[in-house]
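What follows is a short report on a single structure.
There are 2 protein chains.
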Amino acid sequence: MAHPRIIVYRSGHERIGEILKEMNCPGEIITARTSEEFEELVPSAEIVFGWKIPPHLFRHARQLRWIQSMGAGVDDLVSNPDLPPTVMITRIVDQFGSSIAEFVFAELLAHVRRLDRLRQQQRDHRWEPLAVGTLRNQRIGIAGLGSIGQELVRKARAFDMVVYGLSREPKPEMVDKAFSSDQWILFVQSLDYLVITLPVTEKTRGVVGQQVLQAMKPDALIINVGRGEVINQQALVDALTTGQIAGAVLDVFETEPLPSDNILWDLPGVRISPHIAGPSIDEYVAHYFVNNVERYINQEPLNGWVDRQRGY
Amino acid sequence: MAHPRIIVYRSGHERIGEILKEMNCPGEIITARTSEEFEELVPSAEIVFGWKIPPHLFRHARQLRWIQSMGAGVDDLVSNPDLPPTVMITRIVDQFGSSIAEFVFAELLAHVRRLDRLRQQQRDHRWEPLAVGTLRNQRIGIAGLGSIGQELVRKARAFDMVVYGLSREPKPEMVDKAFSSDQWILFVQSLDYLVITLPVTEKTRGVVGQQVLQAMKPDALIINVGRGEVINQQALVDALTTGQIAGAVLDVFETEPLPSDNILWDLPGVRISPHIAGPSIDEYVAHYFVNNVERYINQEPLNGWVDRQRGY
Numbered sequence: 001m002a003h004p005r006i007i008v009y010r011s012g013h014e015r016i017g018e019i020l021k022e023m024n025c026p027g028e029i030i031t032a033r034t035s036e037e038f039e040e041l042v043p044s045a046e047i048v049f050g051w052k053i054p055p056h057l058f059r060h061a062r063q064l065r066w067i068q069s070m071g072a073g074v075d076d077l078v079s080n081p082d083l084p085p086t087v088m089i090t091r092i093v094d095q096f097g098s099s100i101a102e103f104v105f106a107e108l109l110a111h112v113r114r115l116d117r118l119r120q121q122q123r124d125h126r127w128e129p130l131a132v133g134t135l136r137n138q139r140i141g142i143a144g145l146g147s148i149g150q151e152l153v154r155k156a157r158a159f160d161m162v163v164y165g166l167s168r169e170p171k172p173e174m175v176d177k178a179f180s181s182d183q184w185i186l187f188v189q190s191l192d193y194l195v196i197t198l199p200v201t202e203k204t205r206g207v208v209g210q211q212v213l214q215a216m217k218p219d220a221l222i223i224n225v226g227r228g229e230v231i232n233q234q235a236l237v238d239a240l241t242t243g244q245i246a247g248a249v250l251d252v253f254e255t256e257p258l259p260s261d262n263i264l265w266d267l268p269g270v271r272i273s274p275h276i277a278g279p280s281i282d283e284y285v286a287h288y289f290v291n292n293v294e295r296y297i298n299q300e301p302l303n304g305w306v307d308r309q310r311g312y
Numbered sequence: 001m002a003h004p005r006i007i008v009y010r011s012g013h014e015r016i017g018e019i020l021k022e023m024n025c026p027g028e029i030i031t032a033r034t035s036e037e038f039e040e041l042v043p044s045a046e047i048v049f050g051w052k053i054p055p056h057l058f059r060h061a062r063q064l065r066w067i068q069s070m071g072a073g074v075d076d077l078v079s080n081p082d083l084p085p086t087v088m089i090t091r092i093v094d095q096f097g098s099s100i101a102e103f104v105f106a107e108l109l110a111h112v113r114r115l116d117r118l119r120q121q122q123r124d125h126r127w128e129p130l131a132v133g134t135l136r137n138q139r140i141g142i143a144g145l146g147s148i149g150q151e152l153v154r155k156a157r158a159f160d161m162v163v164y165g166l167s168r169e170p171k172p173e174m175v176d177k178a179f180s181s182d183q184w185i186l187f188v189q190s191l192d193y194l195v196i197t198l199p200v201t202e203k204t205r206g207v208v209g210q211q212v213l214q215a216m217k218p219d220a221l222i223i224n225v226g227r228g229e230v231i232n233q234q235a236l237v238d239a240l241t242t243g244q245i246a247g248a249v250l251d252v253f254e255t256e257p258l259p260s261d262n263i264l265w266d267l268p269g270v271r272i273s274p275h276i277a278g279p280s281i282d283e284y285v286a287h288y289f290v291n292n293v294e295r296y297i298n299q300e301p302l303n304g305w306v307d308r309q310r311g312y
């Protein structure tokens, strides 16, 4: 227990193993450079520190006690039938709140202040005053009131927005109007902006589908910084094409990378980004893990512990 | 006094006179449609409600007691030798704080989150993760701590920025570090972002010149939402061209509209907008004025009263 064997694997981030050693991470740290190397090493691993590892590679992880995800999403791990229930899963929480909230407000403000149009006018050397909107008194609905949602609420307050929130248990102390997860239609119908910060679970998969989209205002904007699968992508394309909603800011998708022939790239009112709202900074992730390894060795509760039944 | 004659003049905004009547504004309201009409009408005016009226048109304003500006800037009125010192000037204050602060944060967030690059990638259907920055712990310096500066401070707090402020009298209770108007060099030298909200006065004209620009960090960004004349525009172009600073977001200029052959339109790192950070909404402006007319008739102090010595 005092010197657990740790296998580190994230394609393209081989430096993380070195960072851990520089930080004097306890344990024996071994970096896998390829999925083959990972599969070869995993039978001897007590701890795995990784990201988006193909589920079948865990088949022979007989000594595995704990997997620390390098990010916030753990749906691939939670749904992996090859992982015995005794394997603990932890994810990185609290890291992403402020970064994702910055991204959301970057896009919200760019939208109301019409920055894309301003850039076009600049390219044309055109001085043409244009009417702009404001976030003030606009209604923002935040689906998911975890660490990301909390940061969004805080920033929305600074812009004097009216804040609605939806969560498993309503949180009326946090928002101006609180909804539970069976009140989606009521929640969305008067929103100017719907921000989705939800993980994908059995309950959230496809929850933003035709019905929810139809209930929204035609000038509403959807922003998804949670997981792509929470939105039914085909229903979203339909809603955008028929003008049921005005636009969408999408950082996550059902399939990533978004295929280059996907219709979303060119749909008016749609803003695409390559899953960058919450950056995973190697050093931060390593620091978080080292702290957790120390807790593990001291048999203290781990940060970011995932309830595998609940799914996050 | 109970029924003052009010001349309303703003080219392109003839509707304001109608709005005033709908709001039951006291007094006799007459709209001038052209500068000639204004010059003809002004000798009988007790009150003028206008915007950017050529100074020489006030030469025959013999009965004039009060000019209400339709905006926040009154440098043209304060510096007008044809206006007797007995004419009161008022400007619109408090209206612009939240709108200008939204504009500033739209541009700050677009900058750190690299929205322009994201848009280019979307046009190319290119899925390419990119490193982004954060406003968190970045140092923002706000020059001018009036109603606009206050809103900027509030929003900067919500983004966990370190806030420096410069004002005539230092305001240490408002910011993390307070400077007076003779401490420009000290103020700017460690800033990541310098936001100028200052009016143009004898003391601020050209104050951001070669010396101040040289003291700044090479990765710093300047944002001007005050008045163009506060920056020495040629010195700014030099600083941008030689890499003394990284960029500038400019909503105001020495000459407006910015001539279409001005070098600033195409300079890398420069973002141009046509003086739209603080929109002047006709209804809001009219409402503000009606309230002031009632105060005028009741001989109460006017909102937005300008100290003509101080210049704002």
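Protein chains in written order, with UniProt numbering: chain A, 1 to 312; chain B, 1 to 312.
Beta carbons are placed, not taken as given, at the ideal position from N, Cα and C, and that holds for glycine.
What you are looking at is a predicted structure, and each value in this text was computed from that prediction instead of being measured.
- Residue 122 (chain A) and residue 260 (chain B) have their alpha carbons spaced roughly 10 Å apart.
- For residue 164 (chain A), the uninterrupted beta strand (DSSP E) run begins and ends at 162-167, by DSSP.
- In its own chain, leaving out the 5 sequence neighbours on each side, no residue places its CB closer than 7 Å to the CB of residue 127 (chain B).
- Cβ contact annotation for residue 207 (chain B) (same chain, cutoff 7 Å, sequence separation greater than five): 184 and 230, in chain order.
- Here the alpha carbons of residue 20 (chain B) and residue 242 (chain B) stand approximately 51 Å from one another.
- Using a C-beta cut-off of 8 Å, the stretch 92-104 of chain A makes no contact with the stretch 4-18 of chain B, since fewer than three inter-stretch Cβ pairs fall below that distance.
- Between residue 78 (chain A) and residue 227 (chain A), the gap from beta carbon to beta carbon reaches 8 Å or more.
- For the C-beta of residue 122 (chain B), the chain A residues within less than 9 Å are, from N- to C-terminus, 265, 266, 270, 271, 272 and 273.
- With a threshold of 8 Å between beta carbons, residue 160 (chain B) makes contact with chain A.
- Cβ proximity to chain A below 8 Å picks out 98, 99, 102, 103, 105, 106 and 107 from the stretch 79-108 of chain B.
- Counting the other Cβ atoms within 10 Å of the Cβ of residue 130 (chain A) gives fewer than 16, which makes it exposed.
- Between residue 277 (chain B) and residue 100 (chain B), the C-beta spacing is below 8 Å.
- For the options B:39, B:29 and B:61, the alpha carbon positioned closest to that of residue 14 (chain B) is the one of B:29.
- Between residue 92 (chain B) and residue 66 (chain B), the C-beta gap is not smaller than 8 Å, which leaves the two residues out of contact.
- For residue 31 (chain A), the beta-bridge partners assigned by DSSP are A:8.
- Residue state for residue 227 (chain B) is assigned as coil, using DSSP reduced to three classes.
- If only uninterrupted alpha helix (DSSP H) runs of at least 4 residues are considered, those enclosed by the stretch 28-80 of chain A are 35-41 and 75-78.
- Shown here, residue 312 (chain B) sits in coil according to DSSP, grouped into three states, outside any helix or strand.
- The beta carbon of residue 87 (chain B) is closer than 8 Å to those of 61, 64, 65, 66 and 67 in its chain, skipping five residues each way along the sequence.
- The beta carbon of residue 155 (chain A) falls within 8 Å of a beta carbon belonging to chain B, placing the residue at that interface.
- Around the beta carbon of residue 310 (chain B), fewer than 16 other beta carbons lie within 10 angstroms, which makes this residue exposed.
- A distance below 7 Å between beta-carbons, with the five flanking residues on each side excluded, links residue 282 (chain A) to the following residues of its chain, in chain order: 13, 15, 16 and 19.
- Pairing residue 54 (chain A) with residue 224 (chain A), the inter-Cα distance amounts to about 25 Å.
- By the C-beta criterion, the stretch 165-181 of chain A is judged not to be in contact with the stretch 32-49 of chain B, since fewer than 3 inter-stretch pairs fall below 8 Å.
- Residue-level contact by beta carbon fails for residue 53 (chain A) and chain B, as no gap is shorter than 8 Å.
- In the structure shown, the three-state DSSP call for residue 212 (chain B) is helix.
- Contact between residue 196 (chain B) and residue 216 (chain B) does not hold, since their C-beta atoms are separated by about 12 Å, which reaches or exceeds 8 Å.
- For residue 260 (chain B), the C-beta contacts it makes with chain A under 7 Å involve 125, in order along the chain.
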